[in-house]
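Since the structure comes first, as structure tokens, the remarks are kept for the end.
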Amino acid sequence: MSFDLSEFIRMELAKQNIKAVDLANALDKTPSYISKMLKNNIIPDYKDLKIIAQKLNINYPFLLFQIGILDEADIKHIIACNTLKGYLGELLKVNSMDEKRTDIFIKFLESNKDSMENNLTDELLNKVRETLGEEFTFPDYINPYTKDSYYGFKKLRNLRLASGEYVRSQFKKLPLYTSIDNLGEVTEKEMGFDFTLLKEEIARDSEVVWLKPDDMEYCYLINIGQYEDKEKILFKKGGDLYIGKYNYKEKTMVLTDILNTVTREEESTPIISTDTSSVKIFGKVLFEFKVG
């Protein structure tokens, strides 16, 4: 799955509550420029891309990697440190090297000259920090693959972050349904998702699908037939489709925090029933995002 810059910008604008006109002003462009860029998936020039990255609070080189301007080797050099030598190089960038720091740094280099090409393990990282001490500011890199980040980010196969984290892709192509009526049937439409974005582990035999009917502005990732007490579910009552919180106690089902998926209107009255067949529950809502 290729990175969709327009979709990413739309999602970040909505998530961060940034108006398109504010982005246009930051770029010194008209709002029509933003509309045309998003509609036609136009990649702006480097200057505008850097402003967009700053406005959306995303690492600029990482954005260039997503678009394809930088390759994996480039981004690993910029964002992460695979070796001790790489980490020390980044350390120099974030410290003003006065005489005292320079002496400490040189002594460390002399005593560790045979380890420069070694992988930056947690043990080696701790050794650097303990030896150099409080005189230095140490590089700290933010993991871009957070639970609420854009699902379509390209993954680095094995990224060593200065925090000690490893990022491995769990990307899968999943069925995409445009109607609730054929949910679970064979469909040729697909859309990807990286399961590292979820806090929870999903059972291997789970049937996970995307749902995005034309009359809904949100796209939902659903674990069909799987839901438990206190979890958000997708259900149908009458002719309407809702999401809500499932509660079950003493043979009584209570659905709260109910939201109509089409009108986006909240239902103030919970559904209380001892008959679970009064509503049709499709499964747990794992992930959702606004389209367009």
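Residue numbering for the sequence shown follows my numbering, beginning at -14 and increasing consecutively. Don't be surprised by glycine CBs; every beta carbon is placed ideally from N, CA and C. Remember, it's a predicted structure, so these values are computed and weren't measured experimentally.
Pull up the CB-CB distance for residue i and residue j, whole angstroms please, since I reckon it's below 8 Å.
i    : j    : result
F123 : R86  : With 8 Å as the limit, F123 and R86 do not qualify as a contact, their Cβ atoms being about 12 Å apart.
Y231 : D214 : 7 Å
L105 : T68  : 6 Å
If you run the structure through DSSP and keep just helix, strand and coil, what is residue i?
i      : result
L(-2)  : helix
V171   : coil
S258   : strand
K234   : strand
F178   : strand
F(-12) : coil
V6     : helix
L161   : strand
V194   : strand
E108   : helix
R145   : With a pLDDT of 48 at R145, under the threshold of 50, the predicted position of this residue should be treated as unreliable, and no value is reported.
E119   : helix
R114   : helix
F(-7)  : helix
Y151   : Legend: pLDDT at Y151 = 46, less than 50; position of this residue unreliable, value from coordinates given subsequently. Looking at Y151 - three-state DSSP - the assignment turns out to be strand.
D200   : coil
D133   : coil
When we look at the beta-carbon of residue i and count the other beta-carbons within 10 Å, is it buried (16 or more) or exposed?
i    : result
Q51  : buried
M201 : buried
P160 : buried
K265 : exposed
D166 : exposed
G268 : buried
T237 : exposed
L77  : exposed
V193 : buried
L226 : buried
A147 : Reliability fails at A147, whose pLDDT of 46 lies under 50, so the model's placement of it is uncertain and the value that follows must be treated cautiously. Counting Cβ neighbours within 10 Å, A147 comes out buried, since at least 16 surround it.
I91  : exposed
D179 : buried
N26  : exposed
G74  : exposed
R145 : With a pLDDT of 48 at R145, under the threshold of 50, the modelled position of this residue cannot be trusted, and the question is left open.
V79  : exposed
Which residues does DSSP pair with residue i in a beta bridge?
i    : result
K265 : K221
G229 : I218
L206 : W195 and F272
T241 : K230
E252 : I243
Going along the chain, which unbroken runs of the beta strand (DSSP E) with 3 or more residues stay wholly within the stretch 12 to 100? Fully enclosed beta strand (DSSP E) runs of 3 or longer: not present.
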